Amino acid sequence: MKQYLFDKLPEGPFTKIRGLIAGITPKMSIIDMSIGEPKHGIPDFVAPILNQQMAGFGKYPAALGIDELRNANANWLNQRFGLNGKADKDKHITVLNGTREGLFNATLLALDTKKTNKPIVAMPDPFYQVYAAGGLAAQAELLFLPCAKSSGFLPDITTIKAEQWQRMCAFFICSPSNPQGAFADATYFAMLIAMARKYDFYIFSDECYSEIYADDPPISALDIAAQNGDFENVISFFSLSKRSSLPGLRSGFCAGDAGFTKRFKAMRNIAAPQVPAPLQHVAVKAWSEESHVVQNRKLYNQKFDIADKIIGTMFDYKRPQGGFFLWLNMAQYGGGEICAQQIWQHCGIKSLPGGYLSVLASQNDAAETAKDYLRLALVGSLEDTTEALTRLVNYYTNLGANNE
200 MKQYLFDKLP EGPFTKIRGL IAGITPKMSI IDMSIGEPKH GIPDFVAPIL NQQMAGFGKY
260 PAALGIDELR NANANWLNQR FGLNGKADKD KHITVLNGTR EGLFNATLLA LDTKKTNKPI
320 VAMPDPFYQV YAAGGLAAQA ELLFLPCAKS SGFLPDITTI KAEQWQRMCA FFICSPSNPQ
380 GAFADATYFA MLIAMARKYD FYIFSDECYS EIYADDPPIS ALDIAAQNGD FENVISFFSL
440 SKRSSLPGLR SGFCAGDAGF TKRFKAMRNI AAPQVPAPLQ HVAVKAWSEE SHVVQNRKLY
500 NQKFDIADKI IGTMFDYKRP QGGFFLWLNM AQYGGGEICA QQIWQHCGIK SLPGGYLSVL
560 ASQNDAAETA KDYLRLALVG SLEDTTEALT RLVNYYTNLG ANNE
């Protein structure tokens, strides 16, 4: 049977969870915690701006983004990460139709920029599936780097061999990480950037959860790249989906390496999706207004407060530095997949087994893999969060008591 290029992609996690729970009738009302889709409500400014800009749907969008949006992106970057004006709207900013397509298309350009035999695209495992899709489209070798508790839930770059660094074309890093919520610190980014500049590859830093954090905000790869140079070898990606609870707007941007940005914009001017003009005007406001972001962050932290109180130390739980996921170790109860079925049937909770976000989970030689874990998205109301976590803890507390 003929195999096509994208047949090598793992099956989508949400397709797999639908199959896993098909035919199982929940005994309780359904609370969906499987998808990281914010449900805090659309900011008040969205509708008035759309109504005001409605005529823009009758025109082709500016392919490279309206000037006001690129200016808002640069201003936000400079202020948020203390870049002292180094981020330039024309030199460093690329407007994206959501970061997913940007991450995919950037990979194609990275491999076209660096010509090497058997190119490598590296990524964390667990991972966002589009990283692998971009690497496969560019016909690269995919290098999956485990993100275990022992390595701070970040890729352990010390395990990469010299010959792999030499073939590296792109390296995906997610900070705060999805699903574990771990931050890459200055030392980590500095090490990675040093390797990128030594071996001439691009770091694609997915920072879409950067505005959802518990205490101190995470830094950007751009912070470190700017300390010695002009963002060379680094491209960071940002989105309004999580920051502003606007996943349907499909608006984001990437910023960094000036040479890459110039080539990326030229490519996108011909072959990439554009953001409709009215949506770009909404995005201008969303990147320029912080009160709704503060409120979103407050709500997420309230939900983590609930998790702290209800879960305690069960499931090896520890409050993450950022993001909005619970990453629960269910190994003692049979692992993520078995537990996803159990809590769907007995608790009405729809979740996502950690192994569905992983390639390495199928390898049994690791002491700890994503298959041990369950991901729960804290995107619903405070009431639903309280109810779901109470059901979860009660079920496994009673299960443990019955097995004694």
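Read left to right, the sequence shown gives residues 200 to 603 (this note's numbering).
For each residue, glycine too, the CB sits at the ideal point set by N, CA and C.
Being a predicted model, the structure only gives us computed values, none of them experimental.
Contact between the stretch 535 to 545 and the stretch 496 to 506 is absent: fewer than three C-beta pairs spanning the two stretches fall below 8 Å. Annotation for residue 443: 242, 485, 491, 492, 495 place their beta carbon closer than 8 Å to its own, counting only its chain and skipping 5 residues before and after. The three-state secondary structure of residue 430, taken from DSSP, is coil.
The residue from 222, 480, 437, 557 with its alpha-carbon nearest to that of residue 246 is 480. Straight-line spacing of the CA atoms in residue 324 and residue 397 works out to 24 Å. It is roughly 47 Å from the alpha-carbon of residue 463 to the alpha-carbon of residue 509.
Judged by pairs of C-beta atoms under 8 Å, the stretch 432 to 440 touches the stretch 289 to 303, as three or more such pairs exist. Distances from the alpha-carbon of residue 426 to those of 581, 502, 286, 550 put 286 closest. In terms of Cα proximity to residue 336, the closest of 307, 562, 347, 390 is 307. When the five nearest sequence neighbours on each side are left out, the beta carbons in the same chain lying within less than 8 Å of the beta carbon of residue 353 are those of 323, 346, 372, 374, 376, 381, 383, 387, in order along the chain.
Annotated three-state conformation of residue 528 is strand, per DSSP. The stretch 338 to 345 makes contact with the stretch 356 to 368: 3 or more CB pairs, one atom from each, lie closer than 8 Å.
Taking every protein chain shown into account, the CB of residue 584 has 16 or more other CB atoms within 10 angstroms, so this residue is buried. Boundaries of the beta strand (DSSP E) around residue 455: 451 to 455.
With respect to the C-alpha of residue 534, the residue from 282, 449, 548, 574 having the closest C-alpha is 574. Residue 465 and residue 471 have their C-alpha atoms roughly 10 Å apart. In this structure, residue 549 keeps its C-beta atom at 8 Å or more from the C-beta atom of residue 223.
Between residue 403 and residue 292, the gap from beta carbon to beta carbon reaches 8 Å or more.
With respect to residue 505, residue 598 sits apart: the two C-beta atoms are not nearer than 8 Å. The alpha-carbon separation between residue 429 and residue 393 amounts to approximately 14 Å.
Sequence-distant Cβ neighbours of residue 579 in its own chain, meaning closer than 6 Å and more than five residues away, are 238. A distance of 8 Å or more separates the beta carbons of residue 227 and residue 447. The beta carbon of residue 468 lies closer than 8 Å to those of 262, 263 in the same chain, with the five residues before and after it left out. By the Cβ neighbour-count rule, residue 232 is buried, with 16 or more other Cβ atoms within 10 Å of its own. With a contact defined as Cβ atoms closer than 8 Å, residue 276 and residue 421 qualify at about 7 Å. Assignment of residue 332 by DSSP, reduced to helix, strand and coil, places it in the helix class.
Within the same chain, Cβ atoms closer than 7 Å to the Cβ of residue 313 are found at 368, 399, 400, the five residues on either side in sequence being excluded.
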